[in-house]
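Taking this note's numbering, the leading residue of the sequence shown gets 13, the next gets one more, and so forth. Here the structure is laid out as structure tokens; the discussion comes afterwards.
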Amino acid sequence: MIGKIFVVLLSSANAFQLCENPADYDAAQVYAVTCSGASFGDETKCKAHGDGFGWESNACLVQFSPTLKAGLKETCEAKGGTASGEKTCGWAIPVYFPGLTPTKAECKVMNAPSGGKHSNAYYTSYAGGIMGCCKGGTPSVPKDLCTKLDPPFPMCENAADFKAAHVYQVECKGIVQGSCTKTGMTWDDGKCQIKPALGAVGDLVKICTDNGGSVGDSSQCGVVSKMYLASAGSQPSEAACSSSVTVGSSTMKVSLLTDYIANREGCCAGATTIQPKDSCHKFKPKPTFRLCSNETSWAPNKVVHLKCLGVAQGACTGTGFSWKGNVCEVAQQSNGQDLCKAKGGTPAEVLTCTYFTDNFFPNPMKADAAGCAANDKDGNLIKNRAKTYGDPSWGCCDSKADCCNDPTCDGSITVTPPAVSRGRSQSGLLSVAALVAGLPAAWSI
Numbered sequence: 013m014i015g016k017i018f019v020v021l022l023s024s025a026n027a028f029q030l031c032e033n034p035a036d037y038d039a040a041q042v043y044a045v046t047c048s049g050a051s052f053g054d055e056t057k058c059k060a061h062g063d064g065f066g067w068e069s070n071a072c073l074v075q076f077s078p079t080l081k082a083g084l085k086e087t088c089e090a091k092g093g094t095a096s097g098e099k100t101c102g103w104a105i106p107v108y109f110p111g112l113t114p115t116k117a118e119c120k121v122m123n124a125p126s127g128g129k130h131s132n133a134y135y136t137s138y139a140g141g142i143m144g145c146c147k148g149g150t151p152s153v154p155k156d157l158c159t160k161l162d163p164p165f166p167m168c169e170n171a172a173d174f175k176a177a178h179v180y181q182v183e184c185k186g187i188v189q190g191s192c193t194k195t196g197m198t199w200d201d202g203k204c205q206i207k208p209a210l211g212a213v214g215d216l217v218k219i220c221t222d223n224g225g226s227v228g229d230s231s232q233c234g235v236v237s238k239m240y241l242a243s244a245g246s247q248p249s250e251a252a253c254s255s256s257v258t259v260g261s262s263t264m265k266v267s268l269l270t271d272y273i274a275n276r277e278g279c280c281a282g283a284t285t286i287q288p289k290d291s292c293h294k295f296k297p298k299p300t301f302r303l304c305s306n307e308t309s310w311a312p313n314k315v316v317h318l319k320c321l322g323v324a325q326g327a328c329t330g331t332g333f334s335w336k337g338n339v340c341e342v343a344q345q346s347n348g349q350d351l352c353k354a355k356g357g358t359p360a361e362v363l364t365c366t367y368f369t370d371n372f373f374p375n376p377m378k379a380d381a382a383g384c385a386a387n388d389k390d391g392n393l394i395k396n397r398a399k400t401y402g403d404p405s406w407g408c409c410d411s412k413a414d415c416c417n418d419p420t421c422d423g424s425i426t427v428t429p430p431a432v433s434r435g436r437s438q439s440g441l442l443s444v445a446a447l448v449a450g451l452p453a454a455w456s457i
């Protein structure tokens, strides 16, 4: 690429200040090596080798990632390749930040040499905290200057709870669905995923390789938050949390993303969907849709969907039980947690009634004639959807009909429900998971 042709000229100019303390900048730090050989000859072959492998400038590179933290040469050779062509921070910084002055405004700008998909601040924090370009930098404290000039949107209500280095999911390549059955594994979207939220304990990479697989994409709290929340500002508010950000080819509300990452995936210490600790949970506006005819019966924190860990497929039977993605699930049962425990299982990824108003009945929708006659985002009639979710078996409402199907209920009135949790539905969260699962290589021109 043209930018790379002029790297010598660029490096002789005033260098971009990557690290908050210039003395921390480690120009000699090797962050990638070229890996060559018959099975590394094109992008598809290169990336098939898994974690840390990426295609750049017609060459296969092995580079540091959230899960590959050492042994670049050894990683290449272990796959049968030949390592050469070390790339250092001193080479990369002039190429990827040519002529830039580190200001708050520049930090917010999308990085053009990497395709304009993510901000300069995202790449400086990646370089400082993962690639090792700032001495002593970590995912939690990357020590880059942009993080100081343009603080990232907080993931957790209490900053001390944020687990930036936590890897909450890895793709385990080479594992077929029938073998994706170990504790912590689930088959999702045609891939075997390993997640601490499903009971995986310890090094996720080791769990994958010990079972004959190789790590593909990985999701780390600090990387994902800086990647997708760069446009949300630096302080949570009702406006910021209600705004939308771009995730892949889609958009989603900031509050949905923080809820998913912080409370479901463990990025905030001690957080759950019932006891949320994400930065947006206190800024959630009151729902305008009235699901229950008897509004005082609305049970926002009622768990109606969960994964029942430790229950084998043969025992995953009974009303509400199903086997999905090699995990036992319980749905549409107001006593689902007790049913799971009765089988010797452990409830996980619990989802509450709040999801329904959050996702299928979003503000400013109301349970009036127009709202009930409309279709939801999946093309289903709101009236039918409300009837399902208002059924007493779910436990979100009492024995009376839901408001849409009760001719005596005035759904045009905005209700004042009890305090709510931010539990989400399985289908909704799977769509979030699919969007945030894959991370790009550190550098990709």
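Positions of the beta carbon are idealized from the N, C-alpha and C atoms, including for glycine.
Spatial distance of residue i from residue j (CA atoms)
| i | j | result |
| --- | --- | --- |
| asparagine 494 | threonine 284 | The first residue shown for the chain is 13 and the last is 457, placing residue 494 beyond what the model contains. |
| threonine 94 | histidine 130 | 32 Å |
| glycine 234 | proline 297 | 27 Å |
| alanine 212 | tyrosine 180 | 10 Å |
| alanine 177 | glycine 383 | 43 Å |
| leucine 351 | leucine 363 | 15 Å |
| threonine 331 | aspartate 370 | 26 Å |
| threonine 56 | glycine 66 | 9 Å |
| proline 34 | phenylalanine 295 | 38 Å |
| serine 334 | alanine 252 | 38 Å |
| proline 374 | lysine 265 | 11 Å |
| isoleucine 273 | lysine 155 | 23 Å |
| proline 312 | serine 346 | 12 Å |
Reduced DSSP secondary structure (H/G/I, E/B, other) of residue i
| i | result |
| --- | --- |
| proline 106 | helix |
| serine 246 | coil |
| histidine 293 | helix |
| glycine 149 | coil |
| isoleucine 425 | coil |
| asparagine 371 | helix |
| lysine 99 | strand |
| glutamine 189 | helix |
| glutamine 458 | The chain is shown from 13 up to 457; residue 458 falls before or after that span and cannot be answered. |
| lysine 336 | strand |
| threonine 331 | coil |
| proline 156 | In the sequence as displayed, the identity of residue 156 is aspartate instead of proline. Correct three-state label for aspartate 156: strand. |
| lysine 319 | strand |
9 Å Cβ cutoff met for residue i and residue j
| i | j | result |
| --- | --- | --- |
| cysteine 279 | lysine 314 | no |
| glycine 214 | cysteine 184 | no |
| cysteine 416 | lysine 389 | no |
| proline 166 | glutamine 247 | yes |
| glycine 62 | valine 227 | yes |
| proline 359 | cysteine 328 | no |
| aspartate 229 | valine 259 | no |
Status (buried if at least 16 other CB within 10 Å, exposed otherwise) for residue i
| i | result |
| --- | --- |
| glutamine 232 | buried |
| threonine 115 | exposed |
| alanine 172 | exposed |
| serine 424 | exposed |
| proline 376 | exposed |
| glutamine 189 | exposed |
| glycine 356 | exposed |
| asparagine 132 | buried |
| arginine 436 | In this prediction, arginine 436 scores a pLDDT of 40, lower than 50, which makes its location untrustworthy; no coordinate-derived value is stated. |
C-beta neighbour in chain B for residue i, strict 9 Å
| i | result |
| --- | --- |
| tyrosine 180 | Absent here is chain B; the protein component of the structure consists of one chain. |
The segment 301 to 310 contacting the segment 405 to 422, beta-carbon criterion three pairs below 8 Å:
The segment 301 to 310, when compared against the segment 405 to 422, does touch it at the 8 Å Cβ threshold.
Is it true that the segment 28 to 41 meets the segment 136 to 146, where meeting means three or more beta-carbon pairs spaced less than 8 Å apart?
yes
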